[in-house]
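Working notes, structure below.
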Amino acid sequence: MKRVVVKKPGGHRALELVSEREPVVGAGQVRVRVRAAGVNYADCIVRMGHYEAAKGRYPLTPGFEFSGEVDGVTPGSGFKNGDRVVGITRFGGYASSVVVDPIQLWHAPEGWSFEQAAAFPAVHLTAWYALHRAARVYDGETVLVHSAAGGAGSALVQVAKAAKCRVVAVVGSAEKVHVPRALGADAVVVRDRAGSFWKAVDEAAPQGFDAVFDANGITTLRPGFDRLAPGGRLVVYGFAEMLTRGRDRAGWMGLAFGYARVPRFNPFELTRLNRSVSGFNVVYLFNKPELASQAMGEMLALVGQAKLRPPTTTAFPVEKVAEAHKALESGATTGKLVLTFD
């Protein structure tokens, strides 16, 4: 089998492809021949050594999601050899063979490619938790989604529309406008460095937002908070702005500078304005398999109702995993990136 290993944190050269024996299926487990693995921003942070859940675990294999065919089962698993499946794992997804518990697997949606299936879990679990646990949105609310052309942003737009919310989407360039628009966003705004795009955001939602979803992490947090309606919720699920584009690692000085610029929210201010701020990391769901199973079940049900589209993907052979990370870190991609295995 092939497996990507990060022996110690670093730049793109820290991603090593190694060959090993196939893993053995333990009692009550399922082995999957992986055909595709999703690439997420968190994987880049894992490689750099700044992902909290990965600290102390090196050497490790990145990857939270995969798809493939079952090729090893034990009695009572609910799967059989040859089943096309999609799954999640707390690291280890960048491998041509994985062994997981049955609760971490689901049958892949009918008609989807392995690449589309592998791109589905992490971003839709993120969207589910952000919308239905952190923000607890309901019918008729107006929400703001940043980075709406990316993997998580695209999922947030669709899941919010499925929840009958009005969605204002923000994208990083004019070339990306078509992505959230095609997914049903009610308004799409192009972000600019000067911050003048906030005027267009205000015009799209003059009464403010019931929820704002932000993975930028620095410059947009305070303006987003200021645009919350009474009872509004700011949900933070990433800090992409702390990574300098064009570099393959985040230096401690840069992180410290970024941390110093993160806005602070006073509990008195939150109470006075009747607003809230919450944050989460999707790896939380990977530590709660029953909750993750519930979330995936609900998301796959929306797929069956044609309320969620197959993810738009760009595939890289696993031998080019470093190129995939470079592309994702550039900020120029749309949809999801995936690694493929022969």
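Residue numbering for the sequence shown follows this note's numbering, starting at 5 and increasing by one per position.
A virtual CB, placed ideally from N, CA and C, is assigned to each residue, including glycine.
No experiment lies behind these values; they were computed from the predicted model shown.
How many angstroms separate the CA atom of residue i from the CA atom of residue j?
i    : j    : result
A57  : V286 : 11 Å
R17  : F272 : 47 Å
R88  : F124 : 14 Å
D110 : V90  : Note that residue 110 is Trp in the sequence shown, not Asp. The alpha-carbon atoms of W110 and V90 are separated by roughly 5 Å.
A178 : V194 : 6 Å
D105 : V77  : 10 Å
K203 : V10  : 44 Å
R3   : V102 : No answer is possible for residue 3: the residues shown for the chain start at 5 and end at 346.
D196 : G176 : 7 Å
A208 : L148 : 10 Å
V38  : V28  : 15 Å
A131 : A159 : 6 Å
P227 : E294 : 36 Å
T316 : R276 : 42 Å
V161 : A189 : 6 Å
R7   : A99  : 4 Å
E333 : Y45  : 8 Å
F95  : L64  : 7 Å
A233 : V172 : 14 Å
K59  : R51  : 11 Å
A328 : N278 : 42 Å
G157 : V192 : 12 Å
A310 : H128 : 15 Å
G199 : T223 : 9 Å
V325 : P13  : 15 Å
L274 : G30  : 50 Å
Between the options, which lies nearest to residue i when the distance is taken from Cα to Cα?
i    : options                   : result
K340 : S151, F95, V104 and E24   : S151
G144 : A159, V175, V325 and C169 : C169
V174 : A166, A167 and D206       : D206
K292 : P13, I107, V8 and E73     : I107
I49  : L19, A122 and V38         : L19
E302 : L135, A209, Y98 and E69   : L135
M1   : G30, S117 and E69         : In this structure the chain extends from 5 to 346, so residue 1 is not present and cannot be described.
A219 : E294, L238, G15 and Y62   : L238
M5   : K12, V22 and G86          : V22
V141 : D214, F320 and K311       : D214
F217 : G14, P27, R313 and G236   : G236
G32  : G80, S71, G67 and P63     : G80
S71  : V307, H54 and T93         : T93
A40  : V34, E73 and P13          : E73
K84  : V342, G97 and V34         : V34
T1   : G67, A336 and A310        : Absent from the model: residue 1. The displayed extent of the chain is 5 to 346, so no value can be given.
P184 : L312, H54 and G242        : L312
W116 : V307, K330, A326 and D346 : V307
A139 : F118, E245 and A167       : A167
G154 : R265, A126 and T146       : A126
P210 : V342, T146 and A121       : T146
Starting from residue i and walking both ways along the beta strand (DSSP E), at which residues does that stretch end?
i    : result
E69  : E69 to V77
F320 : T317 to P321
R88  : R88 to I92
H111 : L109 to H111
T65  : Segment: none, T65 is in no beta strand (DSSP E) and carries neither H nor E.
A126 : Segment P125 to Y133 is the alpha helix (DSSP H) holding A126; no beta strand (DSSP E) there.
R7   : K6 to V10
V281 : S280 to G283
Is residue i helix, strand or coil by DSSP?
i    : result
D214 : strand
R170 : strand
P27  : coil
K340 : strand
S158 : helix
A208 : helix
R197 : coil
V183 : helix
E20  : strand
V34  : strand
A99  : strand
P50  : Sequence inspection shows Val at residue 50; the Pro mentioned does not correspond to that position. If DSSP states are grouped into helix, strand and coil, V50 belongs with the helices.
R237 : strand
V149 : strand
So is residue i in contact with chain C if we call contact Cβ pairs under 8 Å?
i   : result
R61 : Protein chains in the displayed structure number just one, and chain C is not present.
Which residues bound the alpha helix (DSSP H) around residue i?
i    : result
A299 : P293 to G308
G228 : L225 to D230
H329 : V325 to S334
L274 : P271 to L277
L289 : V287 to F290
V141 : Per DSSP, V141 belongs to no alpha helix (DSSP H) and is neither H nor E.
F118 : F118 to A122
My assumption, with CB atoms under 8 Å, is that residue i sits in contact with residue j. Please give the rounded CB distance.
i    : j    : result
F229 : F284 : Not confirmed; about 17 Å, so no contact.
T344 : P321 : 6 Å
Y133 : L289 : 6 Å
A122 : V266 : Between V266 and A122 the Cβ distance is about 32 Å, and since that is not below 8 Å, they are no contact.
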